[in-house]
Amino acid sequence: MWRSCFRLGASGGSFPCRPCLVSAAPVGSGDQAGPLSLLRRSYAPPAERKKFYQNVSITQGEGGYEINLDHRKLKTPNARLFTVPSEALAVAVATEWDSQQDTIKFYTMHLTTLCNTSLDNPSQRNKDQLIHASMKFLDTDTICYRVEEPETLVELQKNEWDPVIEWAEKRYDVKLGSSTNIMGPDIPAKTKEVFISHLASYNMWALQGIEFVVTQLKSLILSLGLIDRHLTVEKAVLLSRLEEEYQIQKWGNVEWAHDYELHELRARTAAGTLFVHLCSESSAVKHKLLQE
Amino acid sequence: MVALGPPARTLRALLRELRHLNSVRGQPYQDMAAYRYLMEAFRAHRVTSEKLCRAQHELHFQAATYLCLLRSIRNHVALHQEFHGKGERSVEEAAGVVGLKLPHQPGGKGWES
Numbered sequence: 000m001w002r003s004c005f006r007l008g009a010s011g012g013s014f015p016c017r018p019c020l021v022s023a024a025p026v027g028s029g030d031q032a033g034p035l036s037l038l039r040r041s042y043a044p045p046a047e048r049k050k051f052y053q054n055v056s057i058t059q060g061e062g063g064y065e066i067n068l069d070h071r072k073l074k075t076p077n078a079r080l081f082t083v084p085s086e087a088l089a090v091a092v093a094t095e096w097d098s099q100q101d102t103i104k105f106y107t108m109h110l111t112t113l114c115n116t117s118l119d120n121p122s123q124r125n126k127d128q129l130i131h132a133s134m135k136f137l138d139t140d141t142i143c144y145r146v147e148e149p150e151t152l153v154e155l156q157k158n159e160w161d162p163v164i165e166w167a168e169k170r171y172d173v174k175l176g177s178s179t180n181i182m183g184p185d186i187p188a189k190t191k192e193v194f195i196s197h198l199a200s201y202n203m204w205a206l207q208g209i210e211f212v213v214t215q216l217k218s219l220i221l222s223l224g225l226i227d228r229h230l231t232v233e234k235a236v237l238l239s240r241l242e243e244e245y246q247i248q249k250w251g252n253v254e255w256a257h258d259y260e261l262h263e264l265r266a267r268t269a270a271g272t273l274f275v276h277l278c279s280e281s282s283a284v285k286h287k288l289l290q291e
Numbered sequence: 000m001v002a003l004g005p006p007a008r009t010l011r012a013l014l015r016e017l018r019h020l021n022s023v024r025g026q027p028y029q030d031m032a033a034y035r036y037l038m039e040a041f042r043a044h045r046v047t048s049e050k051l052c053r054a055q056h057e058l059h060f061q062a063a064t065y066l067c068l069l070r071s072i073r074n075h076v077a078l079h080q081e082f083h084g085k086g087e088r089s090v091e092e093a094a095g096v097v098g099l100k101l102p103h104q105p106g107g108k109g110w111e112s
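Protein chains in written order, with numbering that gives the first Met the number 0: chain R, 0 to 291; chain Y, 0 to 112.
Here's what the structure looks like:
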């Protein structure tokens, strides 16, 4: 290990130079500052952008619904015009911008982020690549990947995850199964074909959302359960974090780690699910047929 | 299909979240685009008989998902500001987070000249 450190250091120049700790401390107040203040690390979170607008409104343009901040049109990071296909999505995005207080907290604006990703497509992926990215998670799907000990966790996983697998097998008419092997479960090729052709029925926007949800939950089956409205977001997140919840029950909950992650995961999953639903519905208004 | 409870309860909870989002703006929250959209959608998809209506269930599921989104973001931001938003902690604060205190030494720690 020392040798590799030495080599990394000796290769030189490849790492950006960080300001050293001592020089980062304020120089002027040297009389007051003891040796402790020299050791204080100078990390501060990056500054957030100020809120530069007052009113948020929605207009209907040619390509769909647009967001206006005061009189300026909202653009994506790649300077494209921000347009979304559905009114409900536009309203939700406008609410995100409207509810910012003094600074713009981009880490809370998941729907805006998803729209930006769909509009800009920064990784330049096509439909097949998006489907493949989601399918990759099936081989090591969280709920097919079981433990052998401890006994109570084995039982818990069986009771909580098996019904979801049963539902998916029935809904898509496929074989899934679970495994305690480190190589993961043996998913038949036919099952994969079924899922690929099912995913191919969604449009690009919805697929971006599906991939987002899959990467959050680390499970294609749980994500499909959400998209098919078989599970609520809370339940899907709980099932995805089952082992963590078990450990919390045993060892106690730490608010700034466990709860923080839980709420972030829920927010991201909910945003992704809503995004898929709003982008894949064909027409929102359906009049009730008067039949018996 | 998953059971979600009565739609009115979801709507009430959503309006509560909207009120909370709006509390900084100083205008009535009935002016928000989201408020108008939600009320309209809930009114339009009201069912009068106790039949299982798929469209209504879809709308209700979306509403419940949106409620979860707003609620989780509110909790996440609160936790972020409490624990992660301020940068590096001092030694005293870091100890306090896990319920510890630094030892108190009446004679000084030796390095103050």
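Cβ atoms here follow ideal geometry from the backbone N, Cα and C, with glycine treated the same way. Note that this is a predicted model, so its numbers are computed, not measured.
Neighbourhood of residue i by C-beta distance below 7 Å, restricted to the same chain and skipping five residues each side
i: Phe136(R); result: Val213, Lys217, Ser218, Leu219
i: Ile142(R); result: Trp160, Val163, Ile164, Ser218, Ile220, Leu221, Leu238
i: Glu47(R); result: Thr102, Ile103, Lys104
i: Ala12(Y); result: Leu66
i: Gln215(R); result: Leu264, Arg267, Thr268, Gly271
i: Ile292(R); result: Look at the range of chain R in this structure, 0 to 291, and you will see that residue 292(R) is not part of it.
i: Pro53(R); result: For the record, residue 53(R) in the displayed sequence is Gln; it is not Pro. Excluding positions up to five away in sequence, the list reads Asp69.
i: Asp140(R); result: Ser218, Leu219, Ile220
i: Arg170(R); result: Asp227
Residue i at chain Y interface by Cβ criterion, 8 Å
i: Ile57(R); result: yes
i: Leu273(R); result: yes
i: Val232(R); result: yes
i: Arg48(R); result: no
i: Tyr201(R); result: no
i: Gly29(R); result: With a pLDDT of 38 at Gly29(R), under the threshold of 50, the modelled position of this residue cannot be trusted; read the value that follows with caution. Chain Y, which has no Cβ nearer than 8 Å to the Cβ of Gly29(R), makes this no.
i: Ser122(R); result: no
i: Ala235(R); result: no
i: Gln215(R); result: no
i: His229(R); result: yes
i: Lys104(R); result: yes
i: His262(R); result: yes
Neighbour list for residue i in chain R, Cβ cutoff strictly below 8 Å
i: Thr9(Y); result: Ordered by position in chain R, no residue passes the 8 Å Cβ test against Thr9(Y), which lies about 11 Å from the chain.
i: Tyr36(Y); result: Glu86, Ala87, Val90
i: Arg26(Y); result: What sits at residue 26(Y) in the sequence shown is Gln, not Arg. Chain R residues near Gln26(Y): none, gap ~10 Å exceeds 8 Å.
i: Leu101(Y); result: Per Cβ cutoff of 8 Å: no residues; Leu101(Y) is ~12 Å from chain R at best.
i: Phe82(Y); result: Glu254, Trp255, Tyr259
Chain-order list of residues whose beta-carbon lies under 6 Å from that of residue i (same chain, five-residue window excluded)
i: Leu73(R); result: Ile66, Phe81
i: Glu168(R); result: Leu175
i: Gln207(R); result: Thr116, Ser117
Contact set between residue i and chain Y, taken where Cβ atoms lie within less than 7 Å
i: Arg265(R); result: Cys67, Ser71
i: Ala270(R); result: Leu68
i: Ser98(R); result: Leu20
i: Ala93(R); result: Ala32
i: His197(R); result: Per Cβ cutoff of 7 Å: no residues; His197(R) is ~18 Å from chain Y at best.
Nearest-angstrom Cβ-Cβ length linking residue i and residue j, presumed shorter than 8 Å
i: Leu20(Y); j: Thr102(R); result: At roughly 15 Å, the Cβ-Cβ gap does not stay under 8 Å, so Leu20(Y) and Thr102(R) are not in contact.
i: Glu57(Y); j: Arg228(R); result: 7 Å
i: Ala32(Y); j: Ile57(R); result: 6 Å
i: Val90(Y); j: Leu101(Y); result: 7 Å
i: Tyr28(Y); j: Leu17(Y); result: 5 Å
i: Gly60(R); j: Val83(R); result: Actually they do not touch by this definition, with Cβ atoms about 10 Å apart.
Spatial neighbours of residue i in its chain, beta-carbon cut-off 8 Å, leaving aside the 5 residues before and after
i: Arg9(Y); result: Checking the sequence shown, residue 9(Y) turns out to be Thr, not Arg. Excluding positions up to five away in sequence, the list reads Leu3, His59, Ala62, Ala63, Leu66.
i: Lys49(R); result: Asp101, Thr102, Ile103
i: Leu110(R); result: Leu88, Ala91, Val92, Glu95, Ala270, Leu273, Phe274
i: Glu233(R); result: Arg265
i: Trp166(R); result: Gly224, His229
i: Ala199(R); result: Lys126, Ile130
i: Ala54(Y); result: His44
i: Glu210(R); result: Leu129, Ala132, Ser133
i: Arg79(R); result: Leu118, Asp119
Cβ of residue i within 8 Å of any chain R Cβ
i: Glu92(Y); result: no
i: Leu14(Y); result: no
i: Gln104(Y); result: no
i: Thr39(Y); result: The residue asked about is misnamed: residue 39(Y) is Glu in this sequence, not Thr. Answer no: the Cβ-Cβ gap between Glu39(Y) and chain R never drops below 8 Å.
i: Gly98(Y); result: no
Where residue i meets chain R, residues with beta-carbon distance less than 7 Å
i: Gln61(Y); result: Leu273, His276
Contact set between residue i and chain Y, taken where Cβ atoms lie within less than 8 Å
i: Asp185(R); result: Simply none; closest approach about 30 Å.
i: Arg79(R); result: Per Cβ cutoff of 8 Å: no residues; Arg79(R) is ~23 Å from chain Y at best.
i: Thr107(R); result: Ile72, His75, Val76
Under 9 Å by beta carbon: chain Y residues contacting residue i
i: His70(R); result: Here the premise fails: no neighbours, minimum Cβ distance about 17 Å.
Within-8 Å CB hit, residue i to chain C
i: Asp161(R); result: No chain C appears in this structure, whose protein chains are R and Y.
The ligand HEM heavy atom lying under 7 Å from the CB of residue i
i: Leu73(R); result: The model on display carries no ligand, and the ligand HEM is accordingly not part of it.
Could you tell me whether the stretch 139-158 of chain R touches the stretch 103-117 of chain R, using the rule of 3 or more Cβ pairs below 8 Å?
At 8 Å Cβ cutoff, the stretches do not touch.
Contact the stretch 70-82 of chain Y vs the stretch 262-274 of chain R: 3+ CB pairs below 8 Å:
yes
Report yes or no: do the stretch 174-187 of chain R and the stretch 241-254 of chain R share at least 3 C-beta pairs separated by less than 8 Å?
no
Stretch-stretch touch, CB-based, cutoff 8 Å, three pairs: the stretch 119-127 of chain R with the stretch 33-45 of chain Y
no
Any chance the stretch 197-210 of chain R sits against the stretch 121-131 of chain R, with 3 or more Cβ pairs inside 8 Å?
The stretch 197-210 of chain R is in contact with the stretch 121-131 of chain R.
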